[in-house]
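Chemist: In the numbering used here, the protein residues as written are 247 to 741.
Here it is, the structure in full.
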Amino acid sequence: MAALLEMRGMVKTYGSLRANDGVDLDVFAGEIVGLLGENGSGKSTLMKLLFGMTEPDAGGIVFKGRELSGHRPREAMAAGIVMIHQHFMLVEAMTVLENIMLGWEEAGKLLRRGTIADRIREASERLGLDLDPDVRVADLPLGRRQRIEILKAVLRDADLLILDEPTSNLAPSEINELLNILRRLRSEGKGIVFITHKMPEVIEVCDRVVVLRAGKVAGKAGIAGADKASLAAMMVGRDVTAPLSVEPKAAGAVRLDIRALKAQDLGPLDLRLRGGEILGIAGVDGNGQLELAETLAGLRPVESGAITLDGAEITHATAARRTEAGLAYMPADRSTTALVKSMTIAENLMLRDSHRQPFSKGGLLDREATRKEARSLMERFDIRAPSEQTLAGSLSGGNQQKIVIARELARQPAVLVAHQPTWGLDPGATRFVLERMIALRDAGSAVIYISSELEEVLAVGDRIAVLAGGRIAGLVSRAEVDMTRIGLWMSERAA
Ligand SMILES: Nc1ncnc2c1ncn2[C@@H]1O[C@H](COP(=O)(O)OP(=O)(O)O)[C@@H](O)[C@H]1O
Ligand SMILES: [Mg+2]
247 MAALLEMRGM VKTYGSLRAN DGVDLDVFAG EIVGLLGENG SGKSTLMKLL
297 FGMTEPDAGG IVFKGRELSG HRPREAMAAG IVMIHQHFML VEAMTVLENI
347 MLGWEEAGKL LRRGTIADRI REASERLGLD LDPDVRVADL PLGRRQRIEI
397 LKAVLRDADL LILDEPTSNL APSEINELLN ILRRLRSEGK GIVFITHKMP
447 EVIEVCDRVV VLRAGKVAGK AGIAGADKAS LAAMMVGRDV TAPLSVEPKA
497 AGAVRLDIRA LKAQDLGPLD LRLRGGEILG IAGVDGNGQL ELAETLAGLR
547 PVESGAITLD GAEITHATAA RRTEAGLAYM PADRSTTALV KSMTIAENLM
597 LRDSHRQPFS KGGLLDREAT RKEARSLMER FDIRAPSEQT LAGSLSGGNQ
647 QKIVIARELA RQPAVLVAHQ PTWGLDPGAT RFVLERMIAL RDAGSAVIYI
697 SSELEEVLAV GDRIAVLAGG RIAGLVSRAE VDMTRIGLWM SERAA
């Protein structure tokens, strides 16, 4: 049987960077191919070449037996290829039906509104999409909006669907539903390219995987017999599942002292952290994690209690004052609060320091000093980009997070509050983040590591606390961890 899609020797360069360096990819009808690779390995680039969003420097594409070249997304769609975007291109004020009709040439002419509505109901039923044509997009949760994109593809009889990290913003139940939808699409004979970092999803739904590393195919495997560790090793070319070196240094003086702290939906809570220690905070999302992180960072008002940093009270200090006092903060949502995507790497790295020597000369930014410092941070924190003048928004998630880490850690903060710092990162980048947390601890800082990934909290925390209903349900040293107790604490709800 001929492949539905054959990509051969695809090359795409950006300046001196070879984002795709001779990549081959085949997809057959009725299969799900997992496209894996670390952030920045070239997965999205390959899909953009396929979908005609950018032109290759070399290589050839054959789709359904016909050569596809010099095409744009419109031609790709006409040929039967659909890309489900990470950020959906939907008009929120319009209904599902109206969004489906947008930009669909036959709709409204050859196809009447009522006919399309019937088809939406039928396909929604058949594939388990649970979409009503007359509901406004604004009233739908994220997971359901994504299915409108899938529905569009199905109604237009696409043969190949590209899903680029479709699960990164979904709740666990929505992920399960999406995987079921993909299985149904497969059974209807669609070819699917599924990009994700999450190994359990890959193992659950893919028929085989193709792994990219630094723009080249690093390996291919059928899913039978593949396991999480072997796939992760193929992605990074080294073992990222080996235990972290986490023997704690003797803990030093108290650096962060939280007493009877109360804020909206948080507390009262008491915590004391010493230099040279990581306090891992586990718990189910939505149990005060964001409240704790933002209250410590100075972004939410304190109702009562006290926060002391290195002996100085900062309970009601502004965020800027806290930074001055030695507090660093990595928010969970780096895309909107930690990083300015329209600014360069260098500008993002200097966000907190631009008013200081040696970067400021008489109130003006010293551009050369700024750039030099940026280049040195890029080297130290392994930020991979063409130059320090590259826009932060054009980088992969892992590299964006490395900018935030470089900025927050380079100044050796007394205390770091990290909230979900590995969100959306691949195994290699996740490992990098965890190693940096440990290095910071070993240099004498105190770290609060808040994450709903229990595995990570247990891997880095010298002590582990569980947040439930905005309060500390329990706290143990790592040596005393008992999973049953942790599970019970996690399910506790403060009255
Ligand atoms: N428009 C662009 N300009 C410059 N560099 C880019 C551009 N798009 C991607 N890159 C670079 O190409 C490499 C591959 O990126 P990408 O395909 O997005 O990786 P992935 O999807 O695997 O995370 C990265 O180093 C990225 O920074
Ligand atoms: Mg990508």
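Backbone N, C-alpha and C fix where the C-beta goes; we use that ideal spot for every residue, glycine too.
If you draw a straight line from the alpha carbon of Leu-536 to that of Met-256, how long is it in whole angstroms?
Modeler: 43 Å
Chemist: Based on the DSSP secondary-structure assignment, which residues constitute the bridge partners of Ser-550?
Modeler: Lys-508
Chemist: Quick one: does Ile-408 have its CB under 8 Å from some CB of chain B?
Modeler: Going by chain labels, chain B is absent from the structure shown, which holds only one protein chain.
Chemist: Using only alpha-carbon positions, find the residue among Ile-553, Pro-387, Gly-707, Val-451 that is nearest to Thr-541.
Modeler: Ile-553
Chemist: Check the DSSP bridge columns for Ile-278 and list the partner residues they point to.
Modeler: Ile-438
Chemist: What three-state label does DSSP hand Ala-741 in the structure shown?
Modeler: Below a pLDDT of 50, predicted positions are generally treated as unreliable, and Ala-741, at 36, falls in that range; the measurement from the model is reported next regardless. Coil.
Chemist: Run through the DSSP bridge pairs and tell me what Met-253 is partnered with.
Modeler: Leu-271, Ile-307
Chemist: Can you list the beta strand (DSSP E) stretches of 3 or more residues lying completely in the segment 562-589, in chain order?
Modeler: Fully enclosed beta strand (DSSP E) runs of 3 or longer: 573-576.
Chemist: Heavy atom of ligand 1 less than 7 Å from the Cβ of Ala-592, yes or no?
Modeler: no
Chemist: Let me make sure I understand the geometry here. Which of Gly-286, Asn-345, Gly-298 has the alpha-carbon closest to that of Ala-325?
Modeler: Gly-298
Chemist: Who are Ser-697's beta bridge partners in DSSP?
Modeler: Answer by DSSP bridge pairing: none, since Ser-697 is not bridged.
Chemist: Just grab the DSSP bridge partners of Met-329 for me.
Modeler: Ile-408
Chemist: Only counting the same chain, and skipping five residues up and downstream in sequence, which positions put a Cβ closer than 8 Å to that of Glu-559?
Modeler: Result list for Glu-559: Ala-552, Ile-553, in chain order.
Chemist: What three-state label does DSSP hand Val-337 in the structure shown?
Modeler: coil
Chemist: When DSSP builds the beta bridges, which residues end up paired with Ala-467?
Modeler: Val-455
Chemist: Would you call Thr-564 buried or exposed, if buried means 16 or more other Cβ atoms sit within 10 Å of its Cβ?
Modeler: Thr-564 is exposed by the Cβ-count criterion.
Chemist: Taking 8 Å as the threshold (C-beta atoms), are Ala-248 and Ile-327 in contact?
Modeler: no
Chemist: Do you know whose CA, among Thr-561, Asp-628, Ala-566, lies nearest Ile-591's CA?
Modeler: Asp-628
Chemist: Taking the alpha-carbon positions, what's the Ala-740 to Gly-513 distance?
Modeler: At Ala-740 the pLDDT is 43, less than 50, meaning the model places this residue with poor confidence and gives no usable figure here.
Chemist: Where does Thr-668 sit, in a helix, a strand or coil, going by DSSP?
Modeler: If DSSP states are grouped into helix, strand and coil, Thr-668 belongs with coil.
Chemist: Arg-687 lies in the alpha helix (DSSP H); which residues open and close that run?
Modeler: 673-688
Chemist: On a CA-only basis, which of Val-383, Glu-368, Leu-377, Gly-374 is nearest Leu-336? Give me that one, please.
Modeler: Val-383
Chemist: Grouping DSSP H, G and I as helix and E and B as strand, with all else coil, what is Ser-723?
Modeler: Looking at Ser-723 - three-state DSSP - the assignment turns out to be strand.
Chemist: Buried or exposed for Leu-356, please, with buried defined as at least 16 other CB atoms from any protein chain shown within 10 angstroms of its CB.
Modeler: exposed
Chemist: Within its chain, find whatever has a CB closer than 6 Å to the CB of Glu-252; leave out the 5 residues flanking it on each side and keep chain order.
Modeler: Asp-272, Val-308
Chemist: What residue range is occupied by the uninterrupted beta strand (DSSP E) comprising Val-530?
Modeler: That residue, Val-530, is in no beta strand (DSSP E); it is neither H nor E in DSSP.
Chemist: Would you kindly work out how many angstroms separate the C-alpha atoms of Leu-713 and Trp-350, rounded to a whole number?
Modeler: Approximately 48 Å between the Cα atoms of the pair.
Chemist: Report yes if the C-beta of Leu-295 is less than 7 Å from at least one heavy atom of ligand 1; otherwise report no.
Modeler: no
Chemist: Would you check whether ligand 2 has a heavy atom nearer than 7 Å to the C-beta of Ser-414?
Modeler: Proximity of the beta carbon of Ser-414 to ligand 2 is not indicated: no heavy atom of the ligand is located closer than 7 Å.
Chemist: So does Asp-376 have its beta carbon nearer than 7 Å to some heavy atom of ligand 4?
Modeler: Summarising the ligand content, the structure contains ligand 1 and ligand 2 and does not contain ligand 4.
Chemist: Give me the DSSP bridge partner(s) of Glu-523.
Modeler: Ala-692
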